[in-house]
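>
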Amino acid sequence: MVIRRILAAAAMTFAALIAAAAPSPASAASPYERGPDPTAAGIAATTGPFAIASVPVARGNGFGGGVIYYPTDTSQGTFGAVAISPGLNGTWPGIAWLGPRLASQGFVVFGIETNNLNDSPASRGTQLLAALDYLTRSSAVRTRVDAGRLAVIGHSMGGGGALDAALQRPALQAAIGNAPYLPSGSLAGDRVPTLIYAMQNDTLVPPSRLTSLYNTVPATTERAYLEVTGAGHNYIGQPSTILARTMIPWLKIFVDDDARYSQFLCPTTNTSGIRQYRNSCPLISTAVAAR
0 MVIRRILAAA AMTFAALIAA AAPSPASAAS PYERGPDPTA AGIAATTGPF AIASVPVARG
60 NGFGGGVIYY PTDTSQGTFG AVAISPGLNG TWPGIAWLGP RLASQGFVVF GIETNNLNDS
120 PASRGTQLLA ALDYLTRSSA VRTRVDAGRL AVIGHSMGGG GALDAALQRP ALQAAIGNAP
180 YLPSGSLAGD RVPTLIYAMQ NDTLVPPSRL TSLYNTVPAT TERAYLEVTG AGHNYIGQPS
240 TILARTMIPW LKIFVDDDAR YSQFLCPTTN TSGIRQYRNS CPLISTAVAA R
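Residue numbers (numbering that gives the first Met the number 0): 0 to 290.
1. Alpha carbon to alpha carbon, what distance is there between G59 and S137?
2. Return helix, strand or coil for F78, following the three-state DSSP convention.
3. For T270, does the three-state DSSP call read helix, strand or coil?
4. Where do the ends of the beta strand (DSSP E) carrying A121 lie?
5. For F263, I'd like the list of residues in its chain whose CB is within less than 6 Å of its CB, leaving aside the five on either flank, ordered along the chain.
6. By how many angstroms is the C-alpha of R244 removed from the C-alpha of T90?
7. Can you pull the DSSP bridge partners for P70?
8. Would you give the residue range spanned by the alpha helix (DSSP H) that A146 belongs to?
9. Please report the straight-line C-alpha distance between S155 and G98, rounded to a whole angstrom.
10. Just the Cα atoms here: how many angstroms apart are T77 and T142?
11. Please report the residue range of the alpha helix (DSSP H) in which I175 lies.
12. Can you tell me whether DSSP reads Y234 as helix, strand or coil?
13. Could you compute how far the alpha carbon of A139 sits from the alpha carbon of F49?
14. If I'm right that P120 touches P182 with Cβ under 8 Å, what's the distance once you round it to whole angstroms?
15. For my contact list, P192 and E221 are in at a C-beta cut-off of 8 Å; report their separation, rounded to the angstrom.
16. First and last residue of the alpha helix (DSSP H) that includes R208?
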């Protein structure tokens with residue numbers, strides 16, 4: 000009987016050790032995942048899986064108006080949102096292809112007009128934040144937006160504005176600057192996951208300036224730098240598969256905490272049209288645990 004008890008105790012101890020050594024099950028999917036499992040073709044497609052609608056917004060509320068694009072599906076809960084600013088002397092119609100392209104992937108997208116065509120990057124950053132506040136508090140689609148999952152994008156001075164907005168509001172989930180002009184030339188205070196696009200043939204905001212800017216982002220902040228082969232400063236003015244297939248995963252990873260999209264950026268699976276790519280892999284947010 001004593002021997003049996005000793006053997007039984009030993010067996011239980013061994014089983015406990017085996018259980019402790021076994022790998023833990025895969026972490027649960029993010030509650031913010033939206034849409035089907037992603038594919039390379041899907042993130043490059045002109046239209047994503049969500050049907051969308053749009054609503055115009057009049058000037059006021061701290062910015063110059065614009066257009067909101069949103070998924071019409073109400074069965075999957077709220078969506079993350081992104082506000083986008085054009086650059087110097089630019090208007091939203093000049094980059095409006097981004098609205099339907101991103102919204103149909105499962106985001107509420109607010110393409111804004113600025114108060115003045117020559118507004119500074121700092122002013123554009125403030126206007127982007129005002130647009131997000133309007134979107135989540137007063138807009139016709141506010142009930143469709145998760146106010147805790149917001150991002151900013153901009154081109155040129157609007158790109159500098161997006162980066163400035165990230166410096167102003169560290170609670171943002173993502174920032175994307177396309178050929179961004181940021182007078183300070185420093186993102187040392189950046190705590191927001193930041194993607195910087197450079198254009199190989201850009202003489203207004205050359206890649207050398209943007210690599211220097213990228214290098215100022217703290218090592219503790221998720222970041223990426225992508226240089227588009229043969230592109231000029233206003234490359235974003237035409238629909239671009241290169242931009243779409245990298246912007247969409249960036250937003251999915253950091254706004255939706257969706258690890259399914261890490262495969263496209265860490266490392267990038269398609270280098271076509273990309274002259275240089277740097278990143279801080281593993282490029283996956285852990286913020287979902289704190290929300």
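Quick reminder that beta carbons are idealized off the backbone N, C-alpha and C, glycines included.
For this structure:
1. Residue numbering aside, residue 137 sits at position 138 when the sequence shown is read from its first letter. Residue numbering aside, residue 59 sits at position 60 when the sequence shown is read from its first letter. Spanning the two alpha carbons is a distance of roughly 12 Å.
2. Position 79 of the sequence shown, counted from the first residue, corresponds to residue 78. DSSP places F78 within a strand segment (E or B) once states are collapsed to three.
3. Here residue 270 refers to the residue found at position 271 when the sequence shown is read from its first residue. Coil, per DSSP.
4. The sequence position of residue 121 within the sequence shown is 122, counting from 1. Taken as a continuous stretch (DSSP letters only), A121 belongs to no beta strand (DSSP E), being part of the alpha helix (DSSP H) at P120 to R136.
5. Here the question's residue 263 lines up with position 264 in the sequence shown. Excluding positions up to five away in sequence, the list reads P248.
6. Residue mapping note: residue 90 aligns to position 91 of the sequence shown, counting from 1. Residue mapping note: residue 244 aligns to position 245 of the sequence shown, counting from 1. Using only the alpha carbons, I get a separation of about 24 Å.
7. Taking the sequence shown and counting its residues from 1, one reaches residue 70 at position 71. Bridge partners of P70: I51.
8. One-based indexing of the sequence shown puts residue 146 at position 147. Run containing A146: none in the alpha helix (DSSP H); it sits in the beta strand (DSSP E), V144 to H154.
9. Along the sequence shown, read from residue 1 onward, the residue named residue 155 stands at position 156. Along the sequence shown, read from residue 1 onward, the residue named residue 98 stands at position 99. The alpha-carbon atoms of S155 and G98 are separated by roughly 18 Å.
10. The residue labelled residue 77 in the question sits at position 78 within the sequence shown. The residue labelled residue 142 in the question sits at position 143 within the sequence shown. The alpha-carbon atoms of T77 and T142 are separated by roughly 7 Å.
11. In the sequence shown, residue 175 corresponds to position 176, counting from 1. For I175, there is no enclosing alpha helix (DSSP H); the enclosing beta strand (DSSP E) has its first and last residue at A173 to N177.
12. Along the sequence shown, read from residue 1 onward, the residue named residue 234 stands at position 235. In this structure, Y234 counts as helix in the three-state DSSP scheme.
13. Numbered from 1 along the sequence shown, position 140 holds the residue referred to as residue 139. Numbered from 1 along the sequence shown, position 50 holds the residue referred to as residue 49. Rounded to the nearest angstrom, the gap between the Cα atoms of A139 and F49 is 19 Å.
14. Taking the first residue of the sequence shown as 1, we reach residue 120 at position 121. Taking the first residue of the sequence shown as 1, we reach residue 182 at position 183. Approximately 6 Å separates the beta-carbon atoms of P120 and P182; this is inside 8 Å, confirming the contact.
15. Here residue 192 is taken as the residue at index 193 of the sequence shown, counted from 1. Here residue 221 is taken as the residue at index 222 of the sequence shown, counted from 1. Contact flag correct, Cβ pair sits at about 4 Å.
16. The residue you call residue 208 lines up with position 209 of the sequence shown. Where R208 is concerned, the enclosing alpha helix (DSSP H) stretches over P206 to Y213.
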